[in-house]
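> Letter by letter, the sequence shown follows residues 15 to 284 in my numbering.
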Amino acid sequence: MKKNILFVIIALIAAGCSSDTENNTEKECRLVGAKVTGFYYDDITLPNDAYNSNFSGKINFEYDGQNRISKVKGGLLYMPDANNLNKWVLSNDVEDLVTYNNNTIKVDYSANSDARPYQKEFTLSNGILISRKVTKIYPLKLDPVVYTYEYNSNEIKEKIDGKVYRTFTLSAGNLIKVEQIKYDFLSNAITGKREYLFSNYDASENLLKGKFYINGAFFAAFSKNNYTALKIKDYTFANDEYTLADESGTSFELTYDADHIASLFERDCK
15 MKKNILFVII ALIAAGCSSD TENNTEKECR LVGAKVTGFY YDDITLPNDA
65 YNSNFSGKIN FEYDGQNRIS KVKGGLLYMP DANNLNKWVL SNDVEDLVTY
115 NNNTIKVDYS ANSDARPYQK EFTLSNGILI SRKVTKIYPL KLDPVVYTYE
165 YNSNEIKEKI DGKVYRTFTL SAGNLIKVEQ IKYDFLSNAI TGKREYLFSN
215 YDASENLLKG KFYINGAFFA AFSKNNYTAL KIKDYTFAND EYTLADESGT
265 SFELTYDADH IASLFERDCK
């Protein structure tokens with residue numbers, strides 16, 4: 015009996031050591047690139063030719079000594095033409111610089127360009143977005159706008175000066191709807207609304223979750239998985255009723271690697 019007990023103890027120790035060894039040999043991966051397929055630039059209007067032939071369709075990341083993203087290579091480039099003096103396109107030649115100060119992340123977008131769309135600061139607590147400050151710079155520098163976020167179960171209220179600007183609805187850890195009420199500038203009366211509807215989520219990890227500061231990935235950063243369909247609906251408002259005025263959308267397919275990571279992402283694994 016003593017021999018049997020000793021054998022069991024040795025077997026358990028061996029199993030534990032084997033488990034530790036397996037854990038130690040797991041891949042250590044870092045996100046080094048992301049396709050803009052699932053991006054949406056909600057605060058700037060991109061023309062149909064924004065994805066110009068000189069743009070690779072993805073952005074790349076560089077890291078600081080604390081393994082934090084410090085530079086995003088690929089972003090907004092100012093390219094006005096005769097028809098549009100406020101025209102921005104996506105370019106590989108643009109760089110966004112990211113700096114950190116305790117819980118605040120500051121981003122100088124298009125930092126290496128003469129024309130910069132805006133500067134933003136994001137305040138997070140344990141990965142939860144608390145506020146963001148947006149300062150538009152070009153073509154005219156404006157006073158900063160501060161957005162705050164209030165969380166209640168599966169609903170997030172985005173506010174400006176205490177007034178609800180947009181409402182985010184989540185389900186199963188993924189963002190499924192953003193609703194923005196539109197107001198008349200002078201009378202403050204409701205004139206309509208816009209809805210962003212995200213659907214067809216996969217079961218793969220979203221490597222952009224929590225990275226609200228990456229331009230174009232703000233909506234995606236709320237979700238644990240990756241959406242593959244987006245509808246945008248615009249409504250007018252009259253006689254206490256919303257009427258659908260316009261609808262657009264996009265959808266795409268994803269493939270996955272051996273680790274079930276979506277083709278949206280490029281990793282460097284050791």
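We put the beta carbon where it would ideally sit given N, CA and C, even for glycine.
Once the 5 residues before and after A217 are set aside, which same chain residues still bring their CB inside 7 Å of it?
Residue 217 sits at position 203 when you count from the first residue of the sequence shown. For A217, where only same-chain residues beyond five positions count, the Cβ hits under 7 Å are N239.
> Evaluate the contact criterion for the region 112 to 123 versus the region 157 to 177: three or more CB pairs, one atom per stretch, below 8 Å.
Touching, no.
> Any idea if Q80 is buried or exposed, counting beta-carbon neighbours within 10 angstroms, 16 or more meaning buried?
In the sequence shown, the residue the question calls residue 80 occupies position 66. By the 10 Å Cβ count, Q80 comes out exposed.
> What does a CB cutoff of less than 7 Å around S185 pick up in its chain, not counting 5 residues either side in sequence?
Along the sequence shown, read from residue 1 onward, the residue named residue 185 stands at position 171. Same-chain partners within the cutoff: N168.
> Here's the rule I'm using: 16 or more other beta-carbon atoms within 10 Å means buried, otherwise exposed. How should A231 be labelled?
Residue mapping note: residue 231 aligns to position 217 of the sequence shown, counting from 1. So A231 ends up on the buried side.
> At which residues does the beta strand (DSSP E) containing Y114 begin and terminate?
Numbered from its first residue, the sequence shown carries residue 114 at position 100. Run containing Y114: 102 to 115, per the beta strand (DSSP E) assignment.
> Look up A276 in the DSSP assignment and say whether it is helix, strand or coil.
As a working note, residue 276 is residue 262 in the sequence shown. Strand, per DSSP.
> Give a yes or no on whether the C-beta atoms belonging to L278 and A96 are separated by under 8 Å.
Mapped onto the sequence shown, residue 278 falls at position 264. Mapped onto the sequence shown, residue 96 falls at position 82. Not a contact, by the Cβ cut-off of 8 Å.
> Which stretch, first to last residue, makes up the beta strand (DSSP E) that contains E219?
Locating residue 219 in the sequence shown gives position 205, counting from the first residue. Counting along the chain, E219 falls outside any beta strand (DSSP E), and DSSP gives it neither H nor E.
> On the CB-based measure, 16 or more other CB atoms within 10 Å of its CB, does Y92 come out buried or exposed?
In the sequence shown, counting from the first residue as 1, residue 92 sits at position 78. By the neighbour-count rule (16 or more Cβ atoms within 10 Å), Y92 is buried.
> Leaving out the 5 sequence neighbours to the left and right, which residues in its chain are closer than 6 Å to V192 when beta-carbon positions are compared?
Walking along the sequence shown from the start, residue 192 turns up at place 178. Cβ within range, chain order: R180, F182, Y210.
> I need the straight-line Cα distance from Y152 to K41, nearest angstrom please.
As a working mapping, residue 152 is identified with position 138 in the sequence shown. As a working mapping, residue 41 is identified with position 27 in the sequence shown. When rounded, the distance between both Cα atoms is 43 Å.
> What does the alpha-carbon distance come out to for the pair I275 and L189?
Working through the sequence shown from its first residue, we reach residue 275 at position 261. Working through the sequence shown from its first residue, we reach residue 189 at position 175. Those two C-alpha atoms are separated by around 19 Å.
> Less than 8 Å between the beta carbons of V46 and F69, yes or no?
For this step, residue 46 is matched to residue 32 along the sequence shown. For this step, residue 69 is matched to residue 55 along the sequence shown. No.
> Helix, strand or coil: how does DSSP classify T242 here?
Sequence index remark: in the sequence shown, residue 242 carries index 228 (1-based). T242: coil per DSSP, three-state reduction.
> What is the rounded straight-line gap between the Cα of C43 and the Cα of G89?
Indexing the sequence shown from 1 puts residue 43 at position 29. Indexing the sequence shown from 1 puts residue 89 at position 75. Whole-angstrom Cα-Cα distance: 24 Å.
> Can you tell me which residues form a DSSP beta bridge with N188?
Numbered from 1 along the sequence shown, position 174 holds the residue referred to as residue 188. Answer is S185, bridged to N188.
> Let me know the secondary structure DSSP gives G52 once reduced to three states.
Walking along the sequence shown from the start, residue 52 turns up at place 38. Here G52 sits in helix by DSSP.
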